[in-house]
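Heads up, the final residue of the sequence shown is numbered 631 in the working numbering, and it's a clean run with no missing numbers.
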Amino acid sequence: MQPKISVVVTVYNEEENIQPLVTAITEALEDIPYEIVYVDDGSTDQTVKVLRSIDHPHLRVVELMKNYGQSPALMAGIDHAKGEYIATMDGDLQNDPSDIPAMLKIAEEGGWDMVAGERVNRQDGMVLRKIPSKIANYIIRTSSGVHLKDYGCALKVFKANIAKDLGLYGELHRFIPVLAHLEGARITQVPVKHHARKFGVSKYGLGRTFKVMSDLLLMLFFKRYMQKPMHLFGNLGVILFGVGLLINFYLLILKILGNDIWGKPLMILGLMAIIAGVQFITIGIVIEIQMRTYFESQHKRPYKVRTLS
């Protein structure tokens with residue numbers, strides 16, 4: 323029987339948290355057909371051994387070859403999940419599995435494609451976690467147009483078809499709501515519980531805020547120009563090419579009037595603008611061809627149908 327929900331948990335060196343979390347998930351979902359998919363992201367402690375020692379009818383373990391990072395690990399768990407819905411959560415006991423049934427109910431009754439958690443009473447250190455998180459949330463919210471209060475909460479419930487099409491590469495797990503929004507998902511956010519870490523060491527710090535900035539540029543490109551890259555590169559190319567032509571036309575007039583223009587910085591600027599303009603237009607054409615190849619070679623369509631009647 324297909325499980326109603328698959329709980330995907332990604333872990334890296336969380337040996338002490340495994341058994342308590344499996345127990346908590348089991349208790350929270352006892353009235354719902356479920357499975358637990360643990361993904362070990364190349365742990366160097368006894369995490370895998372502990373997972374293998376647990377006798378649980380609904381527990382499946384995906385052991386990766388090495389440490390790939392949270393996004394690929396999360397993708398592996400989602401790929402192997404069989405549920406109609408997929409819930410994601412961290413394996414450090416800070417997320418509470420007891421929130422999952424209510425989130426699933428909201429998703430089903432409200433027709434939501436994603437229900438994201440909002441940690442209303444975070445149990446983290448102010449400097450190391452809360453301040454960077456607030457900065458990152460503000461940047462993502464204002465730049466992406468997806469207005470959620472808490473992007474960093476790992477506890478989320480999706481429809482399986484949305485989760486499996488997210489395309490989690492690099493470290494894009496921070497932008498899961500934005501990726502889902504790009505797929506046309508209807509998203510809401512609900513308050514969830516949050517607990518202090520009891521065991522193990524946190525893998526997060528101030529450095530994440532700077533990574534968010536670079537990844538955000540990629541997300542903005544996806545959001546605005548993924549299917550129309552020529553609108554970005556072509557427009558820039560035309561503007562630069564036009565500026566270059568105007569500069570050189572101005573210099574040509576000066577030359578006709580008898581002025582010496584050789585070696586002037588303005589002439590160099592004009593030539594560079596023309597060259598850069600041609601390059602941007604060429605890049606736009608090449609990427610446009612690649613996007614068409616991507617869609618047509620895999621028989622994809624640049625749209626998705628929610629319902630058909």
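Even glycine gets a Cβ: it sits at the ideal position worked out from N, Cα and C.
Residue 516 classed as buried or exposed, judged by whether at least 16 other C-beta atoms fall within 10 angstroms: In the sequence shown, the residue the question calls residue 516 occupies position 194. A residue is called buried when at least 16 other Cβ atoms come within 10 angstroms of its Cβ; residue 516 meets this threshold and is buried.
task: Compute the beta-carbon to beta-carbon distance between residue 393 and residue 494, rounded to the nearest angstrom, for a pair I have assumed lies under 8 Å.
output: In the sequence shown, counting from the first residue as 1, residue 393 sits at position 71. In the sequence shown, counting from the first residue as 1, residue 494 sits at position 172. Cβ-Cβ separation between residue 393 and residue 494: approximately 5 Å, consistent with a contact (criterion under 8 Å).
- prompt: According to the neighbour-count rule (16 or more other Cβ atoms, all chains shown, within 10 Å of its Cβ), is residue 328 buried or exposed?
  reply: Indexing the sequence shown from 1 puts residue 328 at position 6. Per the 10 Å Cβ criterion, buried.
field: Given residue 402 as reference, the closest of 426, 592, 412, 486 once Cα atoms are compared
entry: Counted from its first residue, the sequence shown places residue 402 at position 80. Checked all of 426, 592, 412, 486; the closest Cα to residue 402 is 486.
query: Do residue 380 and residue 400 come within 9 Å of each other at the CB atom, strictly closer than that value?
result: Sequence index remark: in the sequence shown, residue 400 carries index 78 (1-based). Sequence index remark: in the sequence shown, residue 380 carries index 58 (1-based). Inclusion of residue 400 and residue 380 in the CB contact set at 9 Å is not warranted, their separation being larger than that value.
- prompt: If you follow the beta strand (DSSP E) that residue 478 is part of, which residue opens it and which one closes it?
  reply: Position 156 of the sequence shown holds residue 478. Segment 478-481, the beta strand (DSSP E) holding residue 478.
message: Output needed for residue 564: all residues of its chain with C-beta closer than 8 Å, excluding positions within five of it in sequence on either side, in chain order.
response: Stepping through the sequence shown from its first residue, residue 564 is reached at position 242. Here the set comprises 599.
Delimiting residues of the alpha helix (DSSP H) encompassing residue 572: Numbered from 1 along the sequence shown, position 250 holds the residue referred to as residue 572. Annotation for residue 572: the continuous alpha helix (DSSP H) segment containing it runs 552-578.
- prompt: Around the C-beta of residue 617, are 16 or more other C-beta atoms found within 10 angstroms, so that it is buried, or is it exposed?
  reply: By 1-based counting over the sequence shown, the position of residue 617 is 295. Counting every other CB atom within 10 Å of its CB across the protein chains shown gives residue 617 a total below 16, marking it as exposed.
Selection from 332, 426, 461, 324 that minimises the alpha carbon distance to residue 386: Looking up residue 386 in the sequence shown gives position 64. Of the candidates 332, 426, 461, 324, the one whose C-alpha sits nearest the C-alpha of residue 386 is 332.
query: Rounded to a whole number of angstroms, what is the C-alpha to C-alpha distance between residue 499 and residue 390?
result: Residue 499 sits at position 177 when you count from the first residue of the sequence shown. Residue 390 sits at position 68 when you count from the first residue of the sequence shown. For residue 499 and residue 390, the distance between alpha carbons rounds to 21 Å.
message: Going by beta-carbon coordinates alone, are residue 488 and residue 476 separated by less than 9 Å?
response: In the sequence shown, residue 488 corresponds to position 166, counting from 1. In the sequence shown, residue 476 corresponds to position 154, counting from 1. The Cβ atoms of residue 488 and residue 476 lie no closer than 9 Å to each other.
- request: Could you spell out where the alpha helix (DSSP H) holding residue 420 opens and where it closes?
  value: Position 98 of the sequence shown, counted from the start, is the residue given in the question as residue 420. Element bounds for residue 420: n/a, residue is neither H nor E.
- prompt: Are the beta-carbon atoms of residue 437 and residue 509 separated by less than 9 Å?
  reply: In the sequence shown, residue 437 corresponds to position 115, counting from 1. In the sequence shown, residue 509 corresponds to position 187, counting from 1. Yes; because the gap between Cβ atoms is below 9 Å, this pair is in contact.
- prompt: Is the CB-CB distance between residue 413 and residue 460 below 9 Å?
  reply: Counting from 1 along the sequence shown, the entry for residue 413 is found at position 91. Counting from 1 along the sequence shown, the entry for residue 460 is found at position 138. Cβ atoms of residue 413 and residue 460: not closer than 9 Å.
Distance between beta carbons of residue 419 and residue 518, contact taken as under 8 Å: Here residue 518 corresponds to residue number 196 of the sequence shown, with the count starting at 1. Here residue 419 corresponds to residue number 97 of the sequence shown, with the count starting at 1. Rounded to the nearest angstrom, the Cβ distance from residue 518 to residue 419 is 16 Å, too far for a contact under 8 Å.
- request: Express the C-alpha separation of residue 561 and residue 482 in angstroms, rounding to a whole number.
  value: For this step, residue 482 is matched to residue 160 along the sequence shown. For this step, residue 561 is matched to residue 239 along the sequence shown. Rounded to whole angstroms, residue 482 to residue 561 spans 43 Å at the Cα level.
- prompt: If you count every other CB in all the chains shown that lies within 10 Å of the CB of residue 479, and 16 or more means buried, which is it?
  reply: Taking the first residue of the sequence shown as position 1, residue 479 is located at position 157. Around the beta carbon of residue 479, a 10 Å sphere encloses 16 or more other beta carbons of the protein chains shown; the residue is thus reported as buried.
message: Just verifying my parser: in three-state terms, what is the DSSP assignment at residue 469?
response: The sequence position of residue 469 within the sequence shown is 147, counting from 1. Looking at residue 469 - three-state DSSP - the assignment turns out to be coil, as it is neither helix nor strand.
task: Any chance you could list the alpha helix (DSSP H) runs of at least 4 consecutive residues sitting entirely within the region 571-620, in chain order?
output: Runs of the alpha helix (DSSP H) inside the region 571-620: 587-619.
- prompt: From this set, 497, 496, 491, 484, which residue's C-alpha is nearest residue 507's C-alpha?
  reply: By one-based count along the sequence shown, residue 507 stands at place 185. Of 497, 496, 491, 484, the smallest CA-CA separation from residue 507 is found for 484.
query: How should residue 336 be labelled, buried or exposed, when 16 other C-beta atoms within 10 angstroms of its C-beta is the threshold for buried?
result: To locate residue 336, count along the sequence shown from 1; it is residue 14. By the 10 Å Cβ count, residue 336 comes out buried.
- request: Can you grab the Cα-Cα spacing for the pair residue 581 / residue 566, in whole Å?
  value: Indexing the sequence shown from 1 puts residue 581 at position 259. Indexing the sequence shown from 1 puts residue 566 at position 244. Approximately 19 Å, taken between the alpha carbons.
query: Once you ignore the five residues that flank residue 490 on each side, which residues in its own chain have a CB closer than 6 Å to its CB?
result: In the sequence shown, residue 490 corresponds to position 168, counting from 1. Contacts found: 393, 396, 397.
task: Label residue 627 either buried or exposed according to how many other C-beta atoms from any shown protein chain fall within 10 Å of its C-beta, with 16 as the threshold for buried.
output: Residue numbering aside, residue 627 sits at position 305 when the sequence shown is read from its first letter. The residue is exposed, with fewer than 16 neighbouring Cβ atoms inside 10 Å.
message: Let me confirm a value: residue 441 is counted as buried when at least 16 other C-beta atoms fall within 10 Å, else exposed. Which label applies?
response: On the sequence shown, residue 441 is found 119 positions in, with the first residue counted as 1. By the neighbour-count rule (16 or more Cβ atoms within 10 Å), residue 441 is buried.
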